[in-house]
Amino acid sequence: MNREQLIDRLRGIVDPEYVLSSDMDLTLYGYDASLDRALPDVVVLPDSTEEVSQVVALAHKEKIPVVARGSGTNLTGGTIPVKGGIVVHFSRMNRILEIDIPNRTVTVEPGVITLDLQNLMLEKGFVYQPDPASQKVSTLGGNFGENSGGPHCLKYGVTTNHVLGAEVVMDDGTVVWVGGKSQDNPGYDLTGLLVGSEGTLAMATKIVLKLMRAPETVKTMLAVYDTVEDGANTVSAIIAEGIVPATLEMLDNIVMRAVEETIHVGYPLDAAAVLIIELDGMADGMDDKAGKIIEICKRNNVREVKLAKTEAERAVLWAGRKGAFGAVGQVRPSYMCCDGTVPRTKLPEVLSKVMEAGRKYDLPIGNVFHAGDGNLHPLIMFDERDDEEVDRVHKLGTEILKICAEAGGTISGEHGVGLEKLRETSFIFSESDLRFLRRIKTAFDPDDIMNPGKMIPE
Ligand SMILES: Cc1cc2nc3c(=O)[nH]c(=O)nc-3n(C[C@H](O)[C@H](O)[C@H](O)COP(=O)(O)OP(=O)(O)OC[C@H]3O[C@@H](n4cnc5c(N)ncnc54)[C@H](O)[C@@H]3O)c2cc1C
């Protein structure tokens, strides 16, 4: 089947207005938030599971690649159609299908924007916990695909801990339900397998998510440090004391400067690092816990701890953290966000090696990350128009992930493997591990049409 015939057939499945094939459309769908680029043959925006199923069945019959896409904010090339084919963009499937408060679940289509669901639930006194910093734009389907994390994942876990089940379209168009509202399902934990599978095994068309009661009280603090090491040591000390805050986020000086140039948060620009520490839970005992944390900060040479006194002050502290990636555009035009995780006690040592590697490749690095999880996000800043610099960026990214792996950590905390970390899988997987992953992929998708070229090196 040639491209024109494919487009014609797709127009018979999805409203022709939502079958995109102009050069401009294909260019727009040829990138995501990574550095990779490749053009699809055609883009479809289905409106129902039935349409997704028919599109995938056609792709299966014709052995054409299909790539699921939410908002394209993933940072590892997960939505780049490296082998061409059909991009299935879920933006029209953005309905909240059922809010079931007695069972504490909500069922959504994959194109719902994460923050839209969270805002709606909060009005009803409930929380959907996973909160990637991209939540204003990212979709729940994309969060499902990447097993996304966020600041609150220290206490509440990542996306997989909040997905109870899903309706998925398999490689041949078959529609299957995995998991569901009940907590104990017999058989293989297919929901667990599919969350984080980066669209390489199936496409989610409905997702059942867990809701939690909104906390009675929240306390947010900003702890200011003269050395990154003192901030990092505070993180381990708090957890070692048996306190698990809702968030423990760190920003270093270079990131704070970039943020201050963009949004005025009032970060102390002469400090080496700050920690955003948030406690949530019952009002009873909260002041004691906050007092204990301040005491631990003092033991680790904190310069000052500021407590947000109002919701507006808290929002400002978070606006700085959530806007940090965008703000580094003030320093250099492009950035690559590395995502490695290490045991949190290794943070001081690993951060210093990361900065040393940056100096070796002559590239500035800012750090803004989920310190409580030991999940680093060194942001390498550069100019994408300079090929020689881009080459150094890739080398430095690989070296940083190697540092994480050698410290007993891993090559992704939450951004997945996609295209950009295929080579680095060798830092954590043996050849037999990879062979086993390939067998799983083959069992689900023997013709390799579901997001081919991603996650597992060929
Ligand atoms: C500024 C910024 C901040 C970020 N902060 C965080 C953060 O704090 N935590 C974090 O985890 N990530 C973060 N990210 C990365 C990114 O936002 C997340 O990976 C997010 O989950 C991607 O959602 P999306 O809708 O953009 O998905 P996309 O990028 O469109 O897709 C992501 C992956 O999911 C697959 N997929 C999409 N829809 C489906 C579906 N319906 N079924 C199956 N697979 C599907 C895709 O094929 C792809 O492999 C950040 C990114 C940016 C740019």
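Taken in order, the sequence shown gives residues 463 to 920; the numbers are from the working numbering. Idealized CB from N, CA, C, for every residue including glycine.
**Request:** Would you identify the three-state DSSP class for V657, choosing helix, strand or coil?
**Result:** coil
**Item:** T679: first and last residue of the uninterrupted beta strand (DSSP E) it sits in
**Value:** 679-687
**Asked** Applying the criterion that 16 or more other CB atoms from any shown protein chain within 10 Å of the CB defines a buried residue, is D593 buried or exposed?
**Response** buried
**Asked** What did DSSP end up calling F552 once you bin it into helix, strand or coil?
**Response** coil
**Message:** For ligand 1, I want to know if M712 counts as a neighbour, meaning its beta carbon is within less than 7 Å of at least one of the ligand's heavy atoms.
**Reply:** no
**Where the alpha helix (DSSP H) through H832 begins and ends** = Looking at the DSSP string, H832 is not in any alpha helix (DSSP H); the run it does join, the beta strand (DSSP E), is 827-832.
**Prompt:** At a cut-off of 7 Å, is N623 close to ligand 1 when judged by its beta-carbon and the heavy atoms of the ligand?
**Reply:** no
**Item:** R675 (DSSP reduced to helix, strand or coil)
**Value:** strand
**Message:** Using the three-state DSSP reduction, which class does N942 fall into: helix, strand or coil?
**Reply:** Within the shown structure, residues of the chain are numbered from 463 to 920, placing residue 942 beyond reach of any answer.
**Item:** Paired residues, beta bridge with W780 - DSSP
**Value:** Note: W780 sits in no beta bridge, so no partner.
**Request:** Indicate, with yes or no, if ligand 1 has a heavy atom lying under 7 Å from the CB of F552.
**Result:** yes
**Request:** On the DSSP bridge assignment, give the partners of Y797 in chain order.
**Result:** M843
**Asked** With C-beta atoms as the reference, is T622 less than 8 Å away from M917?
**Response** no
**Message:** Between which residues of its own chain and A708 is the CB-CB distance below 6 Å, once the five residues before and five after are set aside?
**Reply:** H614, K617, E740, D742
**Request:** Determine the DSSP secondary structure at I701, reduced to helix, strand or coil.
**Result:** helix
**Message:** Quick check: the Cα distance between S406 and E846, rounded to an integer number of angstroms?
**Reply:** An answer regarding residue 406 cannot be provided, because it is not within the stretch 463 to 920 covered by the chain.
**Item:** Buried versus exposed, by CB contacts within 10 Å (16 or more), M712
**Value:** buried
**Item:** N-terminal and C-terminal residue of the beta strand (DSSP E) that L663 is part of
**Value:** Segment: none, L663 is in no beta strand (DSSP E) and carries neither H nor E.
**Request:** State yes or no: is the C-beta of P826 nearer than 7 Å to some heavy atom of ligand 1?
**Result:** no
**Request:** Might you give, ordered along the chain, the residues of its own chain that have their beta carbon closer than 7 Å to the beta carbon of L731, omitting 5 neighbours on each side?
**Result:** M718, R719, E722
**Message:** Please tell me whether N762 and D692 are closer than 8 Å, where the distance is taken between their beta carbons.
**Reply:** yes
**Message:** Assuming S610 and E876 are in contact, meaning their beta carbons sit under 8 Å apart, how far apart are those beta carbons, in whole angstroms?
**Reply:** 5 Å
**Request:** Inspect the beta-carbon positions of E818 and A869 and report whether they are closer than 8 Å.
**Result:** no
**Prompt:** For T887, which three-state DSSP category applies?
**Reply:** helix
**Item:** Touching by the beta-carbon criterion (3+ pairs, under 8 Å), the segment 595-604 and the segment 853-869
**Value:** no
**Asked** D646 bridges to which residues according to DSSP?
**Response** D646 pairs with nothing; no bridge assigned.
**Request:** With a cut-off of 8 Å on the beta carbons, I'd call D498 and E886 a contact; round off their distance for me.
**Result:** Actually they are not in contact, since the Cβ atoms of D498 and E886 sit about 15 Å apart, beyond 8 Å.
**Request:** Under 7 Å Cβ to Cβ from G785, same chain only, skipping five residues before and after it: list those, please.
**Result:** V721, T724, I725
**Prompt:** Roughly how far, in whole angstroms, is the beta-carbon of K525 from the beta-carbon of D907, given that I think they are within contact range, below 8 Å?
**Reply:** Not confirmed; about 11 Å, so no contact.
**Prompt:** Nearest to G953 by CA position, among V670, V767, I842, is which residue?
**Reply:** As shown, the chain starts at 463 and ends at 920. That puts residue 953 outside it, with no answer to give.
**Request:** Measure the Cβ-Cβ separation of R806 and V690 and say whether it is below 8 Å.
**Result:** no
**Prompt:** Do you know how far the Cα of V574 is from the Cα of D509?
**Reply:** 13 Å
**Prompt:** Would DSSP call T567 helix, strand or coil?
**Reply:** strand
**Spatial distance of V767 from V686 (CA atoms)** = 6 Å
**Heavy atom of ligand 3 within 7 Å of L537 beta-carbon** = With respect to ligand 3, the structure shown offers nothing to examine, as its ligands consist of ligand 1.
**Residue of F831, L863, G635, I561 minimising C-alpha distance to I475** = G635
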